[in-house]
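Student: In order, the protein sequences belong to chains C and X. For the first sequence, position 331 (counting from the first letter as 1) is numbered 331 according to the UniProt record's numbering, and the numbering increases by one without interruption. For the second sequence, position 69 (counting from the first letter as 1) is numbered 69 according to the UniProt record's numbering, and the numbering increases by one without interruption. Below is a structure I'd like to ask you about.
2 protein chains.
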Amino acid sequence: MLPDQTILRIPGPTPIPPSVQQAMSQPMIGHRNQETKDLLQTIKPNLKPVFGTEQDVLILAGSGTAGLEAAVVNTVQPGDEVLIIVTGAFGDRFAQICSEYQITSHRYDVAWGEAVSPEAIKAYLAKHPEIKAVFATYCETSTGVLNPIPELAKVIHQQTDVLFIVDGVSCVGGVQTKMDTWGIDILVTGSQKAMMLPPGLTFAAVSERAWHVINKNERPSFYLDFKRYHDQSANNSTPFTPALSLLFGLKQALAMMEEEGLDHVYKRHQTMKDMARAAFRALNIPLLTTDEAASPTVTAVKPDDFDPEALRKVLKDDFGLSIAGGQKHLKGNIFRIGHMGYCSPADLLQTITIIEIALHKVGKMVELGKGTKAAQETLLKGGN
Amino acid sequence: MLPDQTILRIPGPTPIPPSVQQAMSQPMIGHRNQETKDLLQTIKPNLKPVFGTEQDVLILAGSGTAGLEAAVVNTVQPGDEVLIIVTGAFGDRFAQICSEYQITSHRYDVAWGEAVSPEAIKAYLAKHPEIKAVFATYCETSTGVLNPIPELAKVIHQQTDVLFIVDGVSCVGGVQTKMDTWGIDILVTGSQKAMMLPPGLTFAAVSERAWHVINKNERPSFYLDFKRYHDQSANNSTPFTPALSLLFGLKQALAMMEEEGLDHVYKRHQTMKDMARAAFRALNIPLLTTDEAASPTVTAVKPDDFDPEALRKVLKDDFGLSIAGGQKHLKGNIFRIGHMGYCSPADLLQTITIIEIALHKVGKMVELGKGTKAAQETLLKGGN
Numbered sequence: 001m002l003p004d005q006t007i008l009r010i011p012g013p014t015p016i017p018p019s020v021q022q023a024m025s026q027p028m029i030g031h032r033n034q035e036t037k038d039l040l041q042t043i044k045p046n047l048k049p050v051f052g053t054e055q056d057v058l059i060l061a062g063s064g065t066a067g068l069e070a071a072v073v074n075t076v077q078p079g080d081e082v083l084i085i086v087t088g089a090f091g092d093r094f095a096q097i098c099s100e101y102q103i104t105s106h107r108y109d110v111a112w113g114e115a116v117s118p119e120a121i122k123a124y125l126a127k128h129p130e131i132k133a134v135f136a137t138y139c140e141t142s143t144g145v146l147n148p149i150p151e152l153a154k155v156i157h158q159q160t161d162v163l164f165i166v167d168g169v170s171c172v173g174g175v176q177t178k179m180d181t182w183g184i185d186i187l188v189t190g191s192q193k194a195m196m197l198p199p200g201l202t203f204a205a206v207s208e209r210a211w212h213v214i215n216k217n218e219r220p221s222f223y224l225d226f227k228r229y230h231d232q233s234a235n236n237s238t239p240f241t242p243a244l245s246l247l248f249g250l251k252q253a254l255a256m257m258e259e260e261g262l263d264h265v266y267k268r269h270q271t272m273k274d275m276a277r278a279a280f281r282a283l284n285i286p287l288l289t290t291d292e293a294a295s296p297t298v299t300a301v302k303p304d305d306f307d308p309e310a311l312r313k314v315l316k317d318d319f320g321l322s323i324a325g326g327q328k329h330l331k332g333n334i335f336r337i338g339h340m341g342y343c344s345p346a347d348l349l350q351t352i353t354i355i356e357i358a359l360h361k362v363g364k365m366v367e368l369g370k371g372t373k374a375a376q377e378t379l380l381k382g383g384n
Numbered sequence: 001m002l003p004d005q006t007i008l009r010i011p012g013p014t015p016i017p018p019s020v021q022q023a024m025s026q027p028m029i030g031h032r033n034q035e036t037k038d039l040l041q042t043i044k045p046n047l048k049p050v051f052g053t054e055q056d057v058l059i060l061a062g063s064g065t066a067g068l069e070a071a072v073v074n075t076v077q078p079g080d081e082v083l084i085i086v087t088g089a090f091g092d093r094f095a096q097i098c099s100e101y102q103i104t105s106h107r108y109d110v111a112w113g114e115a116v117s118p119e120a121i122k123a124y125l126a127k128h129p130e131i132k133a134v135f136a137t138y139c140e141t142s143t144g145v146l147n148p149i150p151e152l153a154k155v156i157h158q159q160t161d162v163l164f165i166v167d168g169v170s171c172v173g174g175v176q177t178k179m180d181t182w183g184i185d186i187l188v189t190g191s192q193k194a195m196m197l198p199p200g201l202t203f204a205a206v207s208e209r210a211w212h213v214i215n216k217n218e219r220p221s222f223y224l225d226f227k228r229y230h231d232q233s234a235n236n237s238t239p240f241t242p243a244l245s246l247l248f249g250l251k252q253a254l255a256m257m258e259e260e261g262l263d264h265v266y267k268r269h270q271t272m273k274d275m276a277r278a279a280f281r282a283l284n285i286p287l288l289t290t291d292e293a294a295s296p297t298v299t300a301v302k303p304d305d306f307d308p309e310a311l312r313k314v315l316k317d318d319f320g321l322s323i324a325g326g327q328k329h330l331k332g333n334i335f336r337i338g339h340m341g342y343c344s345p346a347d348l349l350q351t352i353t354i355i356e357i358a359l360h361k362v363g364k365m366v367e368l369g370k371g372t373k374a375a376q377e378t379l380l381k382g383g384n
């Protein structure tokens, strides 16, 4: 293995572009100075199209879970009942948060690797008019599933006035997201996935409908109080000390996304999904999800005749390439390749090519080049 | 193309390892302070095995050409005759330097793409006993040829006491080099190739035999005067202000080479040579050189049915991948892939895979994956 070479293909944290890394190395500035106001003023309009919203996107210093918890505590009054759609480990996190606050939660479990059916949720809500909010995961990182958020929003808002609260952590920035048009009430994400930044920021955009609920909410919260962030955002400021170096990086990451064009960013992620799936299909190694349910940002593979952990070890030891394993009951059964953010089709080709070699090293004698070829063909067809 | 992605596969400058980049970002220190002495003291012993010498390796702030010129002006007295072996553009540079100083030069030209024959040089020297020094290029970057330096040293020293002066710019650090054992009198290299640094340093190691000649040399030189560097090197210092940030980086680059082990470094480069050649052979695209003459650090390809410049343009525009074209009369006829320094077999696989796609885009319909597969097989056979 080449010393100092790390090829990061886990579904977050993702690689940092050199210009973002450089931006983050800028000297500190006073967080109440004009420079910080200017920085936030530059960032604000550029975040909106990524979320597909006209609302200010709130920025909190914290990990994605802080954003998820904030979405819960800001909206759910004591006594409210909520529905949590659990399609994997991160849907389960919403459930844990609600449990911690002793919120009466309906839990709708879906087999890991499948997407939730909007019709099923429609039926569930029809039977449970007491539900005040529905929590869902856009991309379920643990399985590589992209849940049908637009369709869910439609059925939820058709028959009730519940809030629709979405964890977009492992896809917002890599997958088209139209919060306002679709009718998402709170959309949360983190910095370390498709946003091309280190972990440490969480973002939340809040609809008008959600603000009505939040403004009447009497549950105590301080650091996670959306209202405080919203009030300060109007002045291009923050209620608490912001993570300045991450904001320097965010400004540059957003500039890169604008330079590439969001449509192209989304197309690139879609192409990488298609490439990864074509490769493993050509190698005859089963995928965990269907094409329809699969996320453009992460691909889960469920081999039936070799140990994914052995593969991961060879990749790491011999090539410095990190991919993810399975979580909870999928541990040892699947591996997951992150292809989001600062990741190009060329990077994914490299990953596939190396995996073919590593498969040989773990005794799975695939035809070398076959998966690569399928991915190359997909890229040539789909554009770059 | 992914913004901010540059894949650098030219034969220098080569990619900088992140830890070297980071080392170079250290704050400045006083160049006459103890810290600089400590830095040079750490570097000194670690440079020697890379050159295969017990001599101190002199470090000049300057590009490789400064080192080549220094080798000329320090050794060649007015009136001396020299032999210059020209196997490509960089052999020609020695000739230009000698011409500038009006040195009587014998020029031994070899067809570009071929290595020089030691027997031919033996015969030439036998006929020209007036020759005082032989200049040769170890790796001829312009053609990807590795000249047979050990064999040349043998025939040169067998019959005469001429100095053997070698330009090792595009291979020292990536190819085994035994200056003392082989009998190289001056070995020059630069920082921006297999040494994994930006351009800006040139290195020269000088044999005892060469010092005898240099000490008697009366040709004026100041900045390029090896004696000044040698004298100061003994005190872990430099005669002129050193390029400190590059020295910070050099310390780290040498640590990386030690960590990997020089033998493994050389094996890695050899493997990458074999991979590149296997790939183009599988794709039925002609190589410029024979296997025997080819360098482990750069591969030159001479297509007969597509335009290398069109290929280079697609690689750059669509993938951010830079490879080199031809120089002088090979311009437009060849392309060259650098695989040295901070470049892994996995990186080369990526390059080959992308080239296959780019070939399709320029209308050369190779079988996708075929070259990649040949390179994968070579890597699996040769180890990693």
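Quick reminder that beta carbons are idealized off the backbone N, C-alpha and C, glycines included. The structure displayed is predicted, hence computed values, not measured ones.
If contact means a Cβ-Cβ distance below 8 Å, which residues of the region 102-125 of chain C contact chain X?
Tutor: Listed in sequence order: no entries.
Student: Using beta carbons (cut-off 7 Å, strictly below), is Thr4(C) in contact with chain X?
Tutor: Within the first sequence, numbered from 1, the residue matching residue 4(C) stands at position 4. Reading the sequence as shown, one finds Asp at residue 4(C) and not Thr. So yes, Asp4(C) belongs to the interface.
Student: Is any beta-carbon of chain C found at less than 7 Å from that of Gly261(X)?
Tutor: Counting from one through the second sequence, the residue named residue 261(X) turns up at place 261. Output row for Gly261(X): interface = no.
Student: From the DSSP secondary-structure annotation, give me the bridge partner or partners of Ile165(C).
Tutor: Your numbering for residue 165(C) matches position 165 in the first sequence. Phe135(C), Ile186(C), per the DSSP bridge assignment.
Student: Nearest CA to the CA of Ala276(X): which residue from Arg228(X), Ala310(X), Ile352(X), Lys302(X)?
Tutor: Within the second sequence, residue 276(X) is the residue found at index 276, counting from 1. Considering only alpha carbons, the answer is Ile352(X).
Student: Would Ile323(C) and Lys302(C) qualify as a contact pair, given that the criterion is a beta-carbon distance under 7 Å?
Tutor: On the first sequence, position 323 is the one that residue 323(C) refers to. On the first sequence, position 302 is the one that residue 302(C) refers to. It is not a contact, given that the beta carbons lie outside the stated cut-off.
Student: Just mark Asn384(X) as buried or exposed, buried being the case when its beta carbon has 16 or more other beta carbons within 10 Å.
Tutor: Locating residue 384(X) in the second sequence gives position 384, where the first residue counts as 1. Bear in mind that a pLDDT of 46 at Asn384(X), under 50, signals an unreliable position, so the number given afterwards is only what the model happens to contain. When all chains shown are included, Asn384(X) counts as buried.
Student: Using the Cα positions of Leu2(C) and Ala310(C), report the straight-line distance between them to the nearest angstrom.
Tutor: Against the first sequence, residue 2(C) aligns to sequence position 2. Against the first sequence, residue 310(C) aligns to sequence position 310. Their backbone Cα atoms lie some 20 Å apart in a straight line.
Student: Let me confirm a value: Ala120(C) is counted as buried when at least 16 other C-beta atoms fall within 10 Å, else exposed. Which label applies?
Tutor: Start at 1 with the first residue of the first sequence, and residue 120(C) comes out as number 120. Looking at its Cβ environment, which holds fewer than 16 other Cβ atoms inside 10 Å, Ala120(C) is exposed.
Student: To which residues does DSSP link Asp109(X) through a beta bridge?
Tutor: For the purposes of this step, residue 109(X) is taken as residue 109 along the second sequence, with counting starting at 1. DSSP lists Val86(X) as partners of Asp109(X).
Student: Do the region 33-47 of chain C and the region 236-255 of chain C meet, that is, are 3 or more Cβ pairs less than 8 Å apart?
Tutor: They touch, by the three-pair rule.
Student: Relative to the C-alpha of Asp4(C), which candidate in Pro13(X), Ser19(X), Thr141(X) has its C-alpha closest?
Tutor: Taking the first residue of the first sequence as 1, we reach residue 4(C) at position 4. It is Ser19(X).
Student: Out of Gly173(C), Asn235(C), Gly332(C), which has the shortest C-alpha to C-alpha gap to Gly52(C)?
Tutor: Taking the first residue of the first sequence as 1, we reach residue 52(C) at position 52. The option with the nearest alpha carbon to Gly52(C) is Gly173(C).
Student: What residues from the region 17-36 of chain C come within 7 Å of chain X, judged by C-beta to C-beta, listed N to C?
Tutor: For the region 17-36 of chain C, which is checked against every Cβ of chain X, the residues closer than 7 Å are Pro17, Pro18, Ser19.
Student: In the structure shown, what three-state DSSP assignment does Arg99(C) receive?
Tutor: Within the first sequence, the letter at position 99 stands for residue 99(C). For clarity, residue 99(C) is Ser in the given sequence; the question names Arg instead. Reduced to three states, the DSSP call for Ser99(C) is helix.
Student: So with Cβ pairs under 7 Å, would you call Ile354(C) a contact of chain X?
Tutor: For this step, residue 354(C) is matched to residue 354 along the first sequence. Closer than 7 Å: yes.
Student: Determine which residues of the region 319-345 of chain C have a Cβ less than 9 Å from any Cβ of chain X, and write them out in chain order.
Tutor: Flagged, chain order: Phe319, Gly320, Leu321, Tyr342, Cys343, Ser344, Pro345.
Student: DSSP on Ser233(X), reduced to helix/strand/coil?
Tutor: Here residue 233(X) is taken as the residue at index 233 of the second sequence, counted from 1. In the structure shown, Ser233(X) sits in a helix (DSSP, three-state: H, G or I).
Student: Looking only at its own chain, which residues have a Cβ that is under 7 Å from the Cβ of Asp180(X), when we skip the five neighbours before and after it?
Tutor: The residue labelled residue 180(X) in the question sits at position 180 within the second sequence. Counting only Cβ-Cβ distances below 7 Å, and skipping sequence neighbours, we find Gly52, Thr53, Glu54.
Student: At what residue ranges does the region 20-48 of chain C contain a whole run of the beta strand (DSSP E), taking only runs of 3 or more?
Tutor: Qualifying beta strand (DSSP E) stretches: none in this window.
Student: Is the CB-CB distance between Ala6(X) and Gly144(X) below 7 Å?
Tutor: For the purposes of this step, residue 6(X) is taken as the residue at position 6 of the second sequence. For the purposes of this step, residue 144(X) is taken as the residue at position 144 of the second sequence. The sequence as given places Thr at residue 6(X); Ala does not occur at that position. The answer is no: Cβ separation not under 7 Å.
Student: Would you call the region 352-364 of chain X and the region 13-28 of chain X touching, i.e. three or more CB-CB distances under 8 Å?
Tutor: Cβ pair count under 8 Å is below three, so no.
Student: Please decide whether Leu224(C) counts as near chain X, where near means a Cβ-Cβ distance under 7 Å.
Tutor: What you label residue 224(C) is simply residue 224 of the first sequence in a count that begins at 1. Judged by the 7 Å Cβ criterion, Leu224(C) is not in contact with chain X.
Student: Please check if any C-beta of chain C sits within less than 7 Å of the C-beta of Gly369(X).
Tutor: Counted from its first residue, the second sequence places residue 369(X) at position 369. So yes, Gly369(X) belongs to the interface.
Student: Could you pull out every residue in the same chain whose Cβ sits closer than 7 Å to the Cβ of Val32(X), ignoring the five residues on either side in sequence?
Tutor: On the second sequence, residue 32(X) is found 32 positions in, with the first residue counted as 1. Sequence inspection shows Arg at residue 32(X); the Val mentioned does not correspond to that position. Excluding positions up to five away in sequence, the list is empty.
Student: Using the rule of at least 16 other Cβ atoms within 10 Å of the residue's Cβ for burial, across every protein chain shown, is Arg9(C) buried or exposed?
Tutor: Counting from 1 along the first sequence, the entry for residue 9(C) is found at position 9. It is buried - the Cβ of Arg9(C) has at least 16 other Cβ atoms within 10 Å.
Student: In terms of alpha-carbon separation, which member of Ala115(X), Pro198(X), Lys364(X), Thr36(X) lies closest to Asp304(X)?
Tutor: Taking the second sequence and counting its residues from 1, the one referred to as residue 304(X) is at position 304. When only C-alpha atoms are compared, the closest one is Lys364(X).
Student: Would Met365(X) count as contacting chain C if we go by Cβ distances under 7 Å?
Tutor: Residue mapping note: residue 365(X) aligns to position 365 of the second sequence, counting from 1. Chain C contact via Cβ: absent.
Student: State the Cα-Cα distance for the pair Pro242(C) and Tyr229(C), rounded to the nearest angstrom.
Tutor: Position 242 of the first sequence, counted from the first residue, corresponds to residue 242(C). Position 229 of the first sequence, counted from the first residue, corresponds to residue 229(C). Near 11 Å, if we compare the C-alpha coordinates of Tyr229(C) and Pro242(C).
Student: Among Lys127(C), Val188(C), Ser99(C), Glu130(C), which one has its Cα closest to the Cα of Ala136(C)?
Tutor: Indexing the first sequence from 1 puts residue 136(C) at position 136. For the residues Lys127(C), Val188(C), Ser99(C), Glu130(C), the minimum Cα distance to Ala136(C) belongs to Val188(C).
Student: Output needed for Ser221(X): all residues of its chain with C-beta closer than 7 Å, excluding positions within five of it in sequence on either side, in chain order.
Tutor: In the second sequence, residue 221(X) corresponds to position 221, counting from 1. Excluding positions up to five away in sequence, the list reads Val73, Asn74.
Student: According to DSSP, which residues form a beta bridge with Gly325(C)?
Tutor: Counted from its first residue, the first sequence places residue 325(C) at position 325. Answer is Phe335(C).
Student: For Lys373(X), which residues in chain C fall below 7 Å Cβ to Cβ?
Tutor: Counting from 1 along the second sequence, the entry for residue 373(X) is found at position 373. By Cβ distance, chain C contributes Leu368, Gly369.
Student: Which residues of chain X have a Cβ atom closer than 8 Å to the Cβ of Ile7(C), listed in chain order?
Tutor: Within the first sequence, numbered from 1, the residue matching residue 7(C) stands at position 7. By Cβ distance, chain X contributes Ala346.
Student: Using a beta-carbon distance cut-off of less than 8 Å, what residues from the region 260-291 of chain C approach chain X?
Tutor: Listed in sequence order: Glu260, Arg268.
Student: What does Leu146(X) pair with, by DSSP beta-bridge criteria?
Tutor: Numbered from 1 along the second sequence, position 146 holds the residue referred to as residue 146(X). DSSP, once it has assigned bridges, lists Cys139(X) as partnering Leu146(X).
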